[in-house]
Each structure stands twice: as C-alpha cells, then as structure tokens.
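Protein chains in written order, with this note's numbering: chain A, 684 to 1129; chain B, 7 to 182; chain C, 480 to 615. Just so it is clear, CB atoms sit at the ideal spot from N, CA and C, and this is done for glycine as well. None of the values given here were measured: they were computed from a predicted structure. Worksheet: the structure to be examined is printed underneath.
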Amino acid sequence: MTQFSRLTRSAALLCTLALASLAGGLAPAGAEPLRIVIDQGVIEPMPFAIPAFTDEGGAKDLAAKISAVVAADLAGTGLFREIPADAHISRVTSFDAPIAYADWQAINAQALITGAVQASGDRIVVKFRLFDVFSGQPLGEGLQFAGTPGSWRRMAHKVADAVYSRITGEGGYFDSRVVYVSESGPKNQRQKRLAVMDYDGANVQYLTDSSSIVLAPRFSPSGDRILYTSYASGFPNIYLMDVGSLATQQLAQQDGTMTFAPRFSPDGGTVVFSLERGGNSDLYALNISSGRLSQLTNAPSIETAPSFSPDGSQIVFESDRSGTQQIYVMPAGGGEARRISGGKGRYGTPVWSPRGDMIAFTKQNEGRFHIGVMRTDGSEERLLTASFLDEGPTWAPNGRVVMFTRESAGAGGQAQLFSVDISGRNLRQIPTEGPASDPAWSPLLP
Amino acid sequence: MTLLPKALLLVAAFGIAACNNPDRYGNGAGGPGANGGANGGYIDTNGLGDPNDPRSIAYFNQRVGDRVLFAVDQSTISPEGRGILAGQAAWLNTNSDYAIIIEGHADEQGTREYNLSLGAKRAAAVQDYLISQGVKPSRMKTISYGKERPIEICSDEACYSKNRRAVTVLSMGMGA
Amino acid sequence: MRMGHAMTLAALLPVPMAVAQVSAPAVAESETWPARLRPAISRCWNVAGLSPEARAGSVTLSVRFDEAARPLPDSFRRVGYERMSEPAAQEAYEAARRAVIRCGTQGYDLPPEKHALWKELHLTFDPGAAGEGGMR
C-alpha cells in the first residue's frame, strides 16, 4: 500500500486517500494522482435551455409548440428546470449553426436542446440535438422523427423521452397514454365513464358513455386493449375492449358470480382477476383465446387485486387471510403464497413495477391512506404520499413514477389523479376535465 | 377447472336493455321519475306502493326494514340485524311473488377492490340468513357496489355507519 | 492480502468520519485544500437526475487542472466504476464531469504552490457513501 506512504503529512489526506483507493480499485501507486472522494451531491432540477425549434419550412406554429411540449415534459419530472427564453443570450437561428457554449454557460444552462421542424403535406419531420453545455460537446447523436401533423404532440414526447433517457440513463415515459375513469355527479350518484388521455392530460377520448358504473381499467402490454369492470349487465363483470374499434366483450361470465380486478399477463394472453361466488372472492386466470379458466387461490378470505411480475412467473395480490388486508406473492400458476407486507396497517392494490424490482401499493394506517413502494420481498418499504384517501397506484413505463387516485373528504369530496416520483418527490396533479379516478398507465407507445 | 360456455360472450358494453338491468343505480340517473337525491337514487318511487298496504314494497322498506348495518370491515350479522332479517324472511315468505336482489355496500374507508369483496360478503351473509329462514334461494340474487354508492355522503362515522349496509331490494314480476 | 484487509476497513469506516478528520483543527490551513475542494464540486454535482442504479454505484474520473485551477475539458477520463453496469457508469461519469466543469469555470481554490499535487486528480463520486446523497 505505497499510496499511504507517499502522502503522510496529514491524517486528513491519508484518510481521504485510503477511502478513495479502496472505493476506486486502484492501480499500483507511483504515478497515481491524488484521489478525493466526493460523496455529497445536491438534489436540484438540472437547468436546461430549449430555444424554440426552428422552422425549416411550413412549420412556423408547430415548431414552437413542439419545443414547448418537450420543455413541459422535462420540467414536469422535477428533475429538470427550464431556463426561460428571455434569459437566453444566444439565439439559435438554424439547426446546424455552431453552438455558442459560452453564452449558454453564462446563464448556467447545463443542457441545451436544439431542434427543427419541417412540414410538407401530411408529413412533419422533427429533429433535435442535445448538448452538454459545460463540457462543450453534444450528448449522443441527434435524432429525427417523422409523422403526421396530428401526431405532433407524440413527436414532442419522443424528443423529450430521448433527452430524458440520454441524461438520466433510464427509459422515458412521455410518449404514453393513461386510461382512467372520468367522474361526474354527486358522491352518492357518481357517473363514471372510461376515458384515455396522453400521460400529461392532453387528447382526452371517451370510451364509454355513463350508462353503467365502470371501474379500474387496465391496459394490455401492447396498449391496444383494455380490461375493466362494468355493471353493464346489471352485475359487476370484467370486459375486454379493443381501443381502436371500441369493440367490447364480456369475459368469464357466470350467473351468480361477480368478476372484477382484472389485469393482463405480460404476454397479453391471460387475464388474472377476482371471481366472487357466495360472498367469497378468489383469484382466477382466464386464457383469452381458449376461454380456459383456472382457479389460482382457494381460501375463505378475500383474495383480490392481482398483478403479474414482468417476467410472468409470479403474481402479487392482496388477501385478508391473516385477519387484515396484506400483500402476498405466489407462483403465476397458483400455489403457496408468501406474505411480503409486514408493517403496521393494511396493505392493498399491489402492482409490480415494469422493471421488476419494486411493488407499489396502497397502505391504510391510523386513518390515513398512503401510496408506497417496497422491494419484491417486502423490504425497504417507503411511503410516498399521505392523505385522506390515496389509492390504486399505476407505474410509468420506466418504473420511476407512479400515478394514483386522490379523493378529498366530505360531502363535496372528489377524486383527482396525481403522480409522484418513487423518491417521494415531485407530487403533481394531472390536469383532467373533471374529477377522475383509477388511472392505468400504458406502456411506452411504439 | 372447466371450460366456461359463456366465456367470450360478445356483447355491446352499453347495449343492455334497461328493463333487465338490476342496477337501480345505473349511472344514467336523471331520467323521468328518477329521484337521485340523498336517498341513493331509487328509480321509480311510485311503483313502491302505499306503505299502509302490508303487501307493498313501501311497507317492506319502511315497516319491515329493508337493510341491515355492519361494523367496520365486518360482514357478520349483528343481533339487531338478525331481528330485521327474521322480519324480512317472514314477510318474503308470505309475499312470495317478489324477486329479491340483496345489495352489499361498504363505506369509503377502503380500497376499491377490497370494498367490492366486502360488499359481496355482506350481501351473501344476508342471503344465507334469509335462506336459513326459509326464503327460497332461487328468488334471490346478490350484488356488491363496494364503496361506489354511499347513501350518506359525509366523511364521518355518522355517515360511514349507514353506508356499511346490505339492502334487500324487491321487484315484482321477476320472481321465480 | 493487505488490500483485502483494507477493503474490510473501508466498508466499516463511515465516510463522515473521514470528513471530520479532514477538517480537524490540527491540520494546517495550507493542507486543507482537499477539504475545500470537495464541497466546491459537491454543490454542482446534481444527483437528482441519476437513475437509482447510477446512484447506488461509484465512478472515478481523472482530470487535469491548469495553473489557475480550472479543469481542462479535454483531460477528463473515466478511470473506474463500481457497483453498476457500464451504461449507468457512463451516465454517472457524465454527471460528475458536468459538476467539475461547471463549478470550476472560475478556477477552484487550490494552493498555487501545491500545483504539482493537484495538477491531476482522481475524483471518486460515490453517492452511496453518504446517507442522504445515497438516497434512491
């Protein structure tokens, strides 16, 4: 350990060096430079600049609208902060003009996004580049997306996803949709309709009228179908809807039973759900193409809210077999279940993260509701929210953000959609036309 | 498990004829005769008959008592509830033309899916009790509304205690 | 192996203790420049955008400084990483490089007479080594 003897003048250096050399896995000493360990970072949004994208023909309005959506996507994560255009020193007049890094450094922009839009007929092309301002170089290659003018928001989301991914090293989630229940009317006579929107609340489309109560829609893994529970037949039953055609079929219908809480398997071929008979709810799996039904649990307690692991091998669900609502994991074909929730209070609505590493859940404790996450073995439980009534988390496609329902108390209580980073930061309300509940995030769109 | 003959039955999601629909809360309140206030929105008050007529639905609802209440997170029938259900059973056995739907409800202090299950347990507990009192099973169906249709709308135990209920709903002409 | 023994020690030794020693009053003023450099870089090291994986690992970069103690942008090299995949290491490296450049545009407060000591440094960025910084 010759590093130690080279610099023994102070205990401080020695200690710093010792730690550093161990953390870094040092080469032999001699020419080794001094090493310093930095273990404290700051948690603050990264400042970025995004001058309005330039118009390369026929895209005068669209170009600025697209860069504005990119900026809103990034700022909305809480990880980035836009430096407003009136603070910019440099102007970007053409996509290929050299970057005046000093001008962007002067306003402390850490990242710079430039872009251009070209429109001709029913086709637009959006291209962008990302620059690391302080190291004075591009971050990765520029990219270009082509589509129809009507899909301009999606193209903006794709630019933002690429930027997010390049800087954070994780997949994005902006080019995605959310299916939810749109609500109206008083608490005791609430009207519910299925609706889908972009993840940021734009482009709302209603999928059902309000003639029947609908609950808890879920996207298929490819985003083209939706499972949900409806009272359309008079009794709660699960339905499958094709998002494109709105064609709907009732699944697993049996007289005298209630079916609910459906969710797709990762391959989209199986539905796992609760079936209630004679007051007792158990979990079942239905093969959609063959109609074959298999029973996964057989207990006198409440078994519901099943969710597959992303590899399809396991199912997480809630059960009150212990006397209170708790979370269990079992093999996807049924079998012995292992309880993973262990803290105080009641745990429900578990959802496996798309990355496979976490389970989000609703927790009730001492009169409050929380959205939380835990490891799949139940360890490292972390509560992200607290309110009168938070429930039903759904994961963003990248497993970094969850969206959920928050309902306010009292006679005028209303449900709204919120999202929160899994760090517990950046709690935000999703703008919807009216009250809304039961969100379910789609995968990233193709 | 067996193949379900009715699995994949194709239906139009909102094309079900209203007359076959036991969901008296059906979302589309506001039609003629709807009475969607704090009472939970009974569809047709006029059809209930005169509460002084001991054979009327109104008599059953008001004099016999159409509902039993439950403790928090429980589906056990209380002693008081057993008394009401004994009265219901006696009346139903006398007035055997009515079809019966038992609705189970929960208060808002619970997650949506769990409350659907809990409502189903409450409805089933009432059904089982009525069967034990001689009411024919073929006349009865159950449905759970979970926390979807509270009858009282405040967020206090005063309201919650009334929302944790199972309601015996009668209709004429659909009986077995 | 002494290295093995030291590894164990490192795992047990809480880093805040090292911080305390760096700033111990017994140390002469001229010798505390590493203690000054650490917070000077820390305040520009933004870990908010790092993925959980990149936050769990550590990355070491090499950088050279001119005589005014400004980092030389072309001198940055990634020299090692631990407890994460290569893509996460690259992400962590880029965030670390941004921190050193951004806070060093006016030059760091380093003693000119010790230029030989700091003209090249290895900086190990390890959010996992601290409590809050290692939050994931």
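- Nearest neighbour of GLU986 of chain A by Cα position, chosen from A:ALA789, A:GLY1093, A:GLN1008, turns out to be A:GLN1008.
- The Cβ atoms of PHE814 of chain A and PRO821 of chain A sit closer than 8 Å to each other.
- Proximity of the segment 789-807 of chain A to the segment 725-741 of chain A meets the contact definition, three or more beta-carbon pairs being nearer than 8 Å.
- DSSP assignment within the segment 857-893 of chain A yields the following whole beta strand (DSSP E) runs of 3 residues or more, N-terminal first: 860-867, 874-881.
- Below 8 Å, enough C-beta pairs join the segment 1083-1098 of chain A and the segment 157-165 of chain B to call them touching: three or more.
- According to the DSSP assignment, PRO945 of chain A belongs to the beta strand (DSSP E) that extends over 940-947.
- Nearest CB-CB separation between GLU824 of chain A and chain B: not below the 8 Å threshold.
- Between the alpha carbons of GLN936 of chain A and PHE943 of chain A lies a distance of about 11 Å.
- Between the segment 555-565 of chain C and the segment 588-596 of chain C there are fewer than three inter-stretch CB-CB distances shorter than 8 Å, so the stretches are not counted as touching.
- Residues of chain C whose Cβ lies closer than 7 Å to the Cβ of SER818 of chain A are, in chain order, PRO552, ARG576, ARG577, ILE580.
- Per DSSP, HIS111 of chain B lies in no alpha helix (DSSP H) segment; the continuous beta strand (DSSP E) that holds it begins and ends at 104-111.
- Counting only unbroken stretches of 4 or more residues, no alpha helix (DSSP H) element lies wholly within the segment 1026-1090 of chain A.
- When DSSP assignments are scanned along the segment 954-1029 of chain A, the uninterrupted stretches of beta strand (DSSP E) that are 3 or more residues long and fall wholly within it turn out to be 963-970, 976-978, 986-991, 997-1002, 1009-1014.
- For a Cβ distance threshold of 9 Å, residue set THR699, ILE719, VAL720, ILE721, ASP722, GLN723 of chain A lies close to ARG517 of chain C, ordered along the chain.
- Within chain C, the residues SER530, ALA533, PRO566, ALA567, GLU570 have their CB atoms less than 7 Å from the CB of GLY852 of chain A, given in chain order.
- In terms of Cβ geometry, ASP1003 of chain A and THR1045 of chain A do not form a close pair [threshold 8 Å].
- Under the DSSP assignment, ASP844 of chain A falls in the alpha helix (DSSP H) whose first and last residues are 835-851.
- Contacts with chain C (Cβ-Cβ distance below 7 Å) from the segment 791-810 of chain A involve GLN793, listed in chain order.
- From the beta-carbon of ILE766 of chain A, no residue of chain C is found nearer than 8 Å; the closest lies around 14 Å away.
- Burial is judged here by how many other beta carbons sit within 10 angstroms of a residue's own beta carbon; GLY1018 of chain A has fewer than 16 and is exposed.
- Among the residues of chain A, those whose CB is under 7 Å from the CB of LEU596 of chain C are LEU717, following chain order.
- For GLU853 of chain A and ASN1081 of chain A, the gap between their C-alpha atoms comes out near 7 Å.
- For a Cβ distance threshold of 8 Å, residue set ASN525, ALA527 of chain C lies close to GLU727 of chain A, ordered along the chain.
- Counted as a single uninterrupted DSSP element, the stretch harbouring TRP1124 of chain A is not any alpha helix (DSSP H) but the beta strand (DSSP E) occupying residues 1119-1124.
- Three or more Cβ pairs closer than 8 Å define a contact, and the segment 145-159 of chain B falls short of that threshold against the segment 86-93 of chain B.
- Rounded to whole angstroms, the separation of the alpha carbons of ARG873 of chain A and SER973 of chain A is 36 Å.
- Contact fails between the segment 543-550 of chain C and the segment 778-793 of chain A, because fewer than three Cβ pairs, one in each stretch, are under 8 Å apart.
- The segment 113-131 of chain B and the segment 92-103 of chain B do not touch, with fewer than three beta-carbon pairs separated by less than 8 Å.
- For LEU762 of chain A, the nearest CB of chain C lies under 8 Å from its own CB, placing it at the interface with that chain.
- The C-alpha of ASP1060 of chain A is placed about 16 Å away from the C-alpha of PRO1037 of chain A.
- For VAL1084 of chain A, same chain residues with a beta-carbon under 6 Å away, outside a window of 5 residues either side, are SER1102, ASP1104 in chain order.
- DSSP, read as helix, strand or coil, puts ASN121 of chain B in helix.
- Cβ-Cβ distances below 8 Å link GLU1116 of chain A to SER865, VAL887 in the same chain, with the five nearest sequence neighbours on each side left out; the list follows chain order.
- When rounded, the separation of the alpha-carbon atoms in LYS748 of chain A and ILE726 of chain A is 29 Å.
- In this structure, B:VAL132 is the residue among B:GLN115, B:GLU119, B:VAL132 with its C-alpha nearest to the C-alpha of GLU109 of chain B.
- In the structure shown, THR100 of chain B adopts helical secondary structure according to DSSP, grouped into three states.
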